[in-house]
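Undergrad: The following block contains the structure, expressed as structure tokens.
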């Protein structure tokens, strides 16, 4: 500890050196405090001074690890641009200079594992790790530090050694009861990565929803479900963020959608056909495992869907089938068990779980399972195999790992977010008092987001209950130093803000009127009500007059419309940008306010118009034709094409013709884009390189030139050519999902990449035109 006299001498020395124009020695300055990031870093050694991002800065990728780190480098470039406005070039080099950021796997520190990283901040920033996930997590910490600086360009000097306490840190999402849209899932994945969470378990099946489109069983999937192209994209986005998706098909309970599809798979005894849980009164709750057809059905589902997922795990459910009293009251189940020498009826179920496990293992993956079989005093002589990873929601984890299981905790009493059943996470308790089990057999924990009884709510509605618990869990599982209270932690998190690239959402009330952006404009006959406590901001507009309409002009990439559904409501015609109307039936036997009645899907970022027209028609059950206006939600930014690896060469295949996008061999600037039968040549292959703001440069592998709208034209039919890259808006493209394909929209014109005249012949020209949803305007992007 310095004496007062020594402090005075140092201050005098500092003043003398400053007067001579010399820098004060670093020993005379206090070390920088630990960065206020979330989760907090495990180890920090403060330096002095700062590193500054400038227009001369570069992202350097160690050439020895270029293939592994190219995606992380591109993500960092895009996010830096979003945060600071500086476009930082990516260079292949291991020699860094002032202002640079070097990414490398040249490190040997077993203590940080494959998710930890080392970061040194001085005149340059160096991020080192044993694996790519560690480098990526290091970039997230760096971005959070930059984001909090006054100029969004500086970082305090120091050294970080950071690594997680638990291998798996995640979220379980109930998409079975409530279908989540793809763009919401992509934003959720980005927000998880921002918090260094690395696992998303997706509960795909429930009594009211089967969300996987099956080729083996057409018609099984719900109307709102995920195609195999959706699953591929979902995993590509997750991979970019170093998140593993764990799919779950919950069987043999919660199987109502499956027994509705094939009623022969139902039990004939009421005790096993009906169940006490929400949805169980409909019957068909549990698959009848005494039938070979039901067992074959399950094995066929596993054969179809287990190989589709990249991750090491597949969850087979095993939750909430009937307890022993109901099982023992079912003659067909009891007889089946006795015929096989099983002492307990419950053995039929655990035996089948082991068969499902064998099936999953045959694809080189590990099954996961709930611990339901051993709850409520249920008796079994057969236990699930210890090769299964358990996800217990009751009991102590040590009970299960002492039986030989590896576990991932999902404790109902601590980490369940079930707002429809009034089950909430006590974030203060989890942050300040909860003691997660540190045993090596505990891979980690997940927060469980259930949709019971609130299936009709919007995707974003659930965030108000899940956001804080997710933030808290991320900090606790990473294992760094905690803030003194959860309130102090939330102050830290709020200062960091949302992940770069996640859209901001603006809510516009129906009484915000005018003709500008984010305003409702009414025509025809409308009435205005202000006494509705259930409406957004207590008011709405309504009309039953044919062709009365309202429109909302907005700037963004997506709009959602919220209105009432009621017994006296009819049909509305809803369109975007003057396109074809979608007819939406607003009838409901009971009134539902603030119902999401229409979503545009992802649009090109820019100016759009939503229009709603009264059709003065109704279905046979409705007593009226009313249409209401309550609010819209506008998404202002997009990350629609974040899944493409810039180092991967893709074929761009037209949906209508099945031919690929190419430029003629040897052509230079102005070479016209055409379609041709695929032959694998370089002039038919393209790199999709992110350019920030959700846009891409589409670069031809043969010429190195980019896809360009000739002359920056905004006219329909304008030629699409290749040209040397200059960064103009006519060379930037949004790549936006359109069902199982993509629409490719030019930033400058807002027009879509289109095969002229819907031609199917080799050599047909490719132009831009207003997007109308035709197959000649839709493309598959494939390796």
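Numbering (mature numbering (1 follows the signal peptide of the UniProt record, and there is no 0)), first residue to last: -30 to -1, 1 to 753.
Using N, Cα and C, we set each Cβ at its ideal position, and we do this for glycine too.
(1) Is residue 13 helix, strand or coil by DSSP?
(2) Here's the rule I'm using: 16 or more other beta-carbon atoms within 10 Å means buried, otherwise exposed. How should residue -15 be labelled?
(3) Does DSSP put residue 203 in a helix, a strand or coil?
(4) Counting only the same chain and skipping the five closest in sequence on each side, list residues whose C-beta sits under 7 Å from that of residue 277.
(5) Quick one, which of 693, 394, 393, 363 has its alpha-carbon nearest residue 379's?
(6) Hey, residue 317 and residue 352 are a contact pair by Cβ (cut 8 Å); roughly how many whole angstroms apart?
(7) Tell me, which residues are paired with residue 165 by DSSP?
(8) Could you tell me which residues DSSP puts in a beta bridge with residue 659?
(9) Alpha carbon to alpha carbon, what distance is there between residue 178 and residue 75?
(10) Roughly how far, in whole angstroms, is the beta-carbon of residue 281 from the beta-carbon of residue 215, given that I think they are within contact range, below 8 Å?
(11) Quick one: is residue 588 buried, meaning 16 or more other Cβ sit within 10 Å of its Cβ, or exposed?
(12) Under the three-state reduction of DSSP, which class applies to residue -4: helix, strand or coil?
(13) Taking the beta carbon of residue 610 as the centre, do at least 16 other beta carbons fall within 10 Å, making it buried, or is it exposed?
(14) Look at residue 397 and residue 512 and say whether their C-beta atoms are less than 7 Å apart.
(15) How long is the line joining the alpha carbons of residue 154 and residue 715, rounded to whole angstroms?
(16) Which residues bound the beta strand (DSSP E) around residue 750?
(17) At which residues does the beta strand (DSSP E) containing residue 619 begin and terminate?
(18) Whose C-beta lies closer than 6 Å to the C-beta of residue 148 among residues of the same chain, with five residues either side of it excluded?
(19) Which of the three DSSP states, helix, strand or coil, is assigned to residue 435?
(20) For the alpha helix (DSSP H) that contains residue 712, what are its first and last residues?
(21) For residue 668 and residue 662, what's the separation of their Cα atoms in angstroms?
(22) Does the beta-carbon distance from residue 487 to residue 500 come in below 7 Å?
(23) Leaving out five residues on either side along the sequence, give the residues of the same chain with a beta carbon under 6 Å from the beta carbon of residue 653.
(24) Assign residue 672 to one of three DSSP states: helix, strand, or coil.
(25) Output the boundary residues of the beta strand (DSSP E) element that contains residue 413.
(26) Output the boundary residues of the alpha helix (DSSP H) element that contains residue 534.
(27) Since residue 56 and residue 95 should fall inside the 8 Å C-beta cutoff, what is the C-beta to C-beta distance between them, to a whole number of angstroms?
(28) Using alpha carbons as the reference points, say which of 80, 92, 114 lies closest to residue 100.
(29) Buried or exposed, going by whether 16 or more other CB atoms sit within 10 Å of the CB of residue 412?
(30) In the DSSP assignment, find the unbroken beta strand (DSSP E) run with residue 473 in it and report its ends.
(31) Could you check if residue 368 is buried or exposed, using at least 16 other CB atoms within 10 Å of its CB as the buried criterion?
(32) Since residue 256 and residue 222 are thought to touch, with beta carbons under 8 Å apart, how far apart are those beta carbons, to the nearest angstrom?
(33) Within 7 Å of any Cβ in chain D, is that where the Cβ of residue 318 sits?
(34) Tell me which same chain residues have a C-beta within less than 6 Å of the C-beta of residue 755, skipping the five on either side of it?
(35) Report back the beta-carbon spacing between residue 580 and residue 542 to the nearest angstrom; my notes put them in contact at under 8 Å.
(36) Between which residues of its own chain and residue 72 is the CB-CB distance below 6 Å, once the five residues before and five after are set aside?
TA: This is what the structure holds:
(1) Taking the chain shown and counting its residues from 1, one reaches residue 13 at position 43. In the three-state scheme derived from DSSP, where H, G and I count as helix and E and B as strand, residue 13 is classed as strand.
(2) As a position in the chain shown, residue -15 is number 16, starting the count at 1. Note on residue -15: pLDDT 38, under 50, position unreliable in the model; the coordinate value appears next. Exposed, by the Cβ-count rule.
(3) Residue numbering aside, residue 203 sits at position 233 when the chain shown is read from its first letter. Here residue 203 carries a helix assignment [DSSP, helix/strand/coil].
(4) If you number the chain shown from 1, residue 277 lands on position 307. Residues of the same chain with a CB within less than 7 Å of the CB of residue 277, apart from the 5 flanking positions on each side, are 333 in chain order.
(5) In the chain shown, residue 379 corresponds to position 409, counting from 1. Checked all of 693, 394, 393, 363; the closest Cα to residue 379 is 363.
(6) Within the chain shown, the letter at position 347 stands for residue 317. Within the chain shown, the letter at position 382 stands for residue 352. Contact between residue 317 and residue 352 is confirmed by a C-beta separation of about 5 Å, below the 8 Å threshold.
(7) Looking up residue 165 in the chain shown gives position 195. Partner(s): none; residue 165 has no beta bridge.
(8) For the purposes of this step, residue 659 is identified with residue 689 of the chain shown, where counting begins at 1. 667, per the DSSP bridge assignment.
(9) The residue labelled residue 75 in the question sits at position 105 within the chain shown. The residue labelled residue 178 in the question sits at position 208 within the chain shown. Looking at the two C-alpha atoms, the distance is approximately 47 Å.
(10) The residue given as residue 281 occupies position 311 in the chain shown. The residue given as residue 215 occupies position 245 in the chain shown. The pair is a contact, with the Cβ atoms about 6 Å apart (cut-off 8 Å).
(11) Within the chain shown, numbered from 1, the residue matching residue 588 stands at position 618. Under this definition residue 588 is a buried residue.
(12) Along the chain shown, read from residue 1 onward, the residue named residue -4 stands at position 27. The predicted position of residue -4 is uncertain, since its pLDDT is 47 and thus under 50; no value can be drawn from it.
(13) The residue given as residue 610 occupies position 640 in the chain shown. Note that residue 610 scores a pLDDT of 41, beneath 50, so its modelled location is shaky; the value from the coordinates is reported in the next line. Buried is the call here.
(14) The residue given as residue 397 occupies position 427 in the chain shown. The residue given as residue 512 occupies position 542 in the chain shown. No Cβ-Cβ contact shorter than 7 Å links residue 397 with residue 512.
(15) Taking the first residue of the chain shown as 1, we reach residue 154 at position 184. Taking the first residue of the chain shown as 1, we reach residue 715 at position 745. Whole-angstrom Cα-Cα distance: 21 Å.
(16) Position 780 of the chain shown, counted from the first residue, corresponds to residue 750. From DSSP, the beta strand (DSSP E) with residue 750 extends over 749 to 752.
(17) Taking the chain shown and counting its residues from 1, one reaches residue 619 at position 649. For residue 619, no beta strand (DSSP E) encloses it, and the DSSP letter there is neither H nor E.
(18) The residue labelled residue 148 in the question sits at position 178 within the chain shown. Here residue 148 has 421, 425 as same chain residues with Cβ atoms under 6 Å from its own Cβ, once five neighbours each way along the sequence are excluded.
(19) Residue numbering aside, residue 435 sits at position 465 when the chain shown is read from its first letter. The answer is helix: DSSP assigns residue 435 an H, G or I state.
(20) Working through the chain shown from its first residue, we reach residue 712 at position 742. Not the alpha helix (DSSP H): residue 712 falls in the beta strand (DSSP E), residues 711 to 716.
(21) Within the chain shown, the letter at position 698 stands for residue 668. Within the chain shown, the letter at position 692 stands for residue 662. Approximately 13 Å between the Cα atoms of the pair.
(22) If you number the chain shown from 1, residue 487 lands on position 517. If you number the chain shown from 1, residue 500 lands on position 530. It is not a contact, given that the beta carbons lie outside the stated cut-off.
(23) Within the chain shown, numbered from 1, the residue matching residue 653 stands at position 683. Cβ neighbours of residue 653 beyond the five flanking positions: 632, 633, 635, 672.
(24) Against the chain shown, residue 672 aligns to sequence position 702. Secondary structure at residue 672: coil, using DSSP grouped into helix, strand and coil.
(25) Taking the chain shown and counting its residues from 1, the one referred to as residue 413 is at position 443. Where residue 413 is concerned, the enclosing beta strand (DSSP E) stretches over 412 to 419.
(26) Looking up residue 534 in the chain shown gives position 564. Here residue 534 belongs to no alpha helix (DSSP H); instead the beta strand (DSSP E) covers 528 to 535.
(27) Within the chain shown, residue 56 is the residue found at index 86, counting from 1. Within the chain shown, residue 95 is the residue found at index 125, counting from 1. 14 Å between Cβ atoms; not a contact.
(28) For the purposes of this step, residue 100 is identified with residue 130 of the chain shown, where counting begins at 1. Checking every option, the nearest Cα to that of residue 100 belongs to 80.
(29) Numbered from 1 along the chain shown, position 442 holds the residue referred to as residue 412. Buried is the call here.
(30) Residue numbering aside, residue 473 sits at position 503 when the chain shown is read from its first letter. Neither: residue 473 is in no beta strand (DSSP E) and is coded neither H nor E.
(31) For the purposes of this step, residue 368 is taken as residue 398 along the chain shown, with counting starting at 1. By the 10 Å Cβ count, residue 368 comes out exposed.
(32) Position 286 of the chain shown, counted from the first residue, corresponds to residue 256. Position 252 of the chain shown, counted from the first residue, corresponds to residue 222. Contact check for residue 256 and residue 222: beta-carbon distance about 5 Å, within the 8 Å limit, so the pair qualifies.
(33) Among the chains in the structure shown there is no chain D, since it carries only a single protein chain.
(34) Residue 755 is absent from the model: the chain starts at -30 and stops at 753.
(35) Locating residue 580 in the chain shown gives position 610, counting from the first residue. Locating residue 542 in the chain shown gives position 572, counting from the first residue. In fact, because the Cβ distance is near 11 Å, the residues do not count as touching under 8 Å.
(36) The count along the chain shown starts at 1 and reaches residue 72 at position 102. 30, 66, 96, listed in sequence order.
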